[in-house]
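S.K.:
Number of protein chains: 2
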Amino acid sequence: MVDPMKRLPILPAERALKIIAGRWKAIILYHLYEGPRRLSELRKLVPDISQKVLIQQLREMEEHQLVRREIFRQVPPRVDYSATTLGRSLEPVLLALCDWGRMHAAELDEVDRLVDCARFERANSGPIAKVGEAIVSTA
Amino acid sequence: MVDPMKRLPILPAERALKIIAGRWKAIILYHLYEGPRRLSELRKLVPDISQKVLIQQLREMEEHQLVRREIFRQVPPRVDYSATTLGRSLEPVLLALCDWGRMHAAELDEVDRLVDCARFERANSGPIAKVGEAIVSTA
DNA sequence: TGCCATACAGACCAAAAGGTAACTATGGTC
DNA sequence: GACCATAGTTACCTTTTGGTCTGTATGGCA
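Line by line, the protein sequences are chains A and B. Residue 132 in the numbering used here sits at position 132 of the first sequence, with consecutive numbering throughout. Residue 25 in the numbering used here sits at position 25 of the second sequence, with consecutive numbering throughout.
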């Protein structure tokens, strides 16, 4: 049995990082913000992730209460994953990370390599702000 | 030789996470925000990190241009590390992470275990906001 | 009876990240 | 010549994370 809820870091910023820094968590959350999704749907939405890891990441997020898991007893089985309030509260933070990531790429002249993070970048889609300008999108 | 500047993720949010999610990067940056620091000083400020890993993290941040390294040819040698503009631009993001981490701990009733992140939490030191309220400290 | 779909679990492996401890280099001081 | 301090490097090991592939349970359907 895996230690349930093994202690998170005591420094808040590290705690937050530990919770969201999983290889696929941001993308998964991003899809869950649009509404509940079944495992099979998520697999299609994030095709590069293996099923085991997908479930792993979902379980960790469930443990940290970012995600809710609902089971419908049917055959074949149906399970819905959705973002909790706590999970949704992460959206502005992810948005800030996204903005900063874009800016960082701009500074290093690598914007071309970047892909849009659709919803995450709503705010400023124009020319990317450089260091002097606004950094966190004032929610 | 380690691959210099191996490609960062194409999704901005993931890129940002990759850059700042190192085990000690947030704390190191936090100390560099106060001014330039020598390696020996950082070692005292962050006693739990080993010298090898400290240097590793600094080098990665240098590569990503969050940190500047200045060498003064003296005996014994002197090397100063300081936050670049790009590094400083991360402060509001770390602040947002810190706030969210505090809130997350509050929701899970684990505030007691938390340690203050001094500068990172300047804004609201009063009772920690719960989910409904402001999440990102409006910089 | 065998096949389908869904949602898992488990064995096993590989790479990355983090950590320990010992070694190098420089040139001053005792 | 031995020792000091600073700022590294190196070999080696452990843990964590991510990944592949195969197996399982359920009950409907042909």
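Beta carbons are placed, not taken as given, at the ideal position from N, Cα and C, and that holds for glycine.
Could you please give me the residues that DSSP links to Arg68 (chain B) through a beta bridge?
M.R.: Taking the second sequence and counting its residues from 1, one reaches residue 68 (chain B) at position 68. Per DSSP, B:Ser82.
S.K.: Closer than 6 Å by C-beta to Glu49 (chain A): which residues in its own chain qualify, once you throw out the five before and the five after it? Chain order, please.
M.R.: Residue numbering aside, residue 49 (chain A) sits at position 49 when the first sequence is read from its first letter. Residue 49 (chain A) is actually Ile in this sequence, not Glu. The residues are Trp24.
S.K.: For Arg7 (chain B) and Pro76 (chain A), what's the separation of their Cα atoms in angstroms?
M.R.: Taking the first residue of the second sequence as 1, we reach residue 7 (chain B) at position 7. Taking the first residue of the first sequence as 1, we reach residue 76 (chain A) at position 76. Taking the straight line from one Cα to the other gives about 42 Å.
S.K.: I want to verify the contact list: residues of chain B whose CB lies under 9 Å from the CB of Leu32 (chain A), in sequence order.
M.R.: Reading the first sequence from its first residue, position 32 is the one you call residue 32 (chain A). Neighbours of Leu32 (chain A) on chain B: none; closest Cβ ~14 Å, over 9 Å.
S.K.: In three-state terms, what does DSSP make of Arg140 (chain A)?
M.R.: Past the edges of chain A, shown from 1 to 139, lies residue 140 (chain A), and the structure says nothing about it.
S.K.: Would you verify that the beta carbon of Arg102 (chain A) is, or is not, closer than 9 Å to some beta carbon of chain B?
M.R.: As a first step, residue 102 (chain A) must be located in the first sequence, where it is residue number 102. True, the Cβ-Cβ gap to chain B drops below 9 Å.
S.K.: Does DSSP classify Arg23 (chain B) as helix, strand or coil?
M.R.: Position 23 of the second sequence holds residue 23 (chain B). DSSP places Arg23 (chain B) in coil when its eight states are reduced to three.
S.K.: Per the DSSP calculation, Arg37 (chain B) is bridged to which residue(s)?
M.R.: Translated into the one-based positions of the second sequence, residue 37 (chain B) becomes position 37. Answer is B:Tyr81, bridged to Arg37 (chain B).
S.K.: Please report the Cβ distance between Val93 (chain A) and Ala96 (chain B), rounded to the nearest whole angstrom; I am assuming they are in contact, meaning their Cβ atoms lie under 8 Å.
M.R.: Locating residue 93 (chain A) in the first sequence gives position 93, where the first residue counts as 1. Locating residue 96 (chain B) in the second sequence gives position 96, where the first residue counts as 1. That belief holds up - the Cβ atoms of Val93 (chain A) and Ala96 (chain B) are roughly 5 Å apart, short of 8 Å.
S.K.: Could you please tell me which residues of the stretch 77 to 96 of chain B, in chain order, have their CB closer than 7 Å to any CB of chain A?
M.R.: Within the stretch 77 to 96 of chain B, the residues whose Cβ lies closer than 7 Å to some Cβ of chain A are Thr85, Leu86, Ser89, Leu90, Pro92, Val93, Leu94 and Ala96, listed in chain order.
S.K.: Should Leu29 (chain A) and Gly101 (chain A) be called a contact, given that it needs their Cβ atoms to be closer than 9 Å?
M.R.: Position 29 of the first sequence, counting from 1, holds the residue named residue 29 (chain A). Position 101 of the first sequence, counting from 1, holds the residue named residue 101 (chain A). For Leu29 (chain A) and Gly101 (chain A), no; Cβs fall outside 9 Å.
S.K.: Within this structure, are the beta carbons of Arg80 (chain B) and Glu70 (chain B) separated by less than 9 Å?
M.R.: In the second sequence, residue 80 (chain B) corresponds to position 80, counting from 1. In the second sequence, residue 70 (chain B) corresponds to position 70, counting from 1. For clarity, residue 80 (chain B) is Asp in the given sequence; the question names Arg instead. A contact, by the Cβ cut-off of 9 Å.
S.K.: Starting from Glu70 (chain B), find everything on chain A with Cβ-Cβ shorter than 8 Å and list it in chain order.
M.R.: Numbered from its first residue, the second sequence carries residue 70 (chain B) at position 70. In chain order: nothing, as chain A lies at least about 20 Å away.
S.K.: What whole-angstrom Cβ distance do Ile27 (chain B) and Leu11 (chain A) have, given they're in contact under 8 Å?
M.R.: The residue you call residue 27 (chain B) lines up with position 27 of the second sequence. The residue you call residue 11 (chain A) lines up with position 11 of the first sequence. Yes, they are in contact, since the Cβ atoms of Ile27 (chain B) and Leu11 (chain A) sit about 7 Å apart, within 8 Å.
S.K.: Going by C-alpha distance, which of B:Leu54, B:Tyr33, B:Glu63 and B:Val53 is nearest Glu107 (chain A)?
M.R.: The count along the first sequence starts at 1 and reaches residue 107 (chain A) at position 107. Residue B:Glu63 is the option with its Cα nearest to Glu107 (chain A).
S.K.: If we ignore side chains and look at the alpha-carbon of each, how far apart do His31 (chain A) and Glu34 (chain B) end up?
M.R.: In the first sequence, residue 31 (chain A) corresponds to position 31, counting from 1. In the second sequence, residue 34 (chain B) corresponds to position 34, counting from 1. When rounded, the distance between both Cα atoms is 38 Å.
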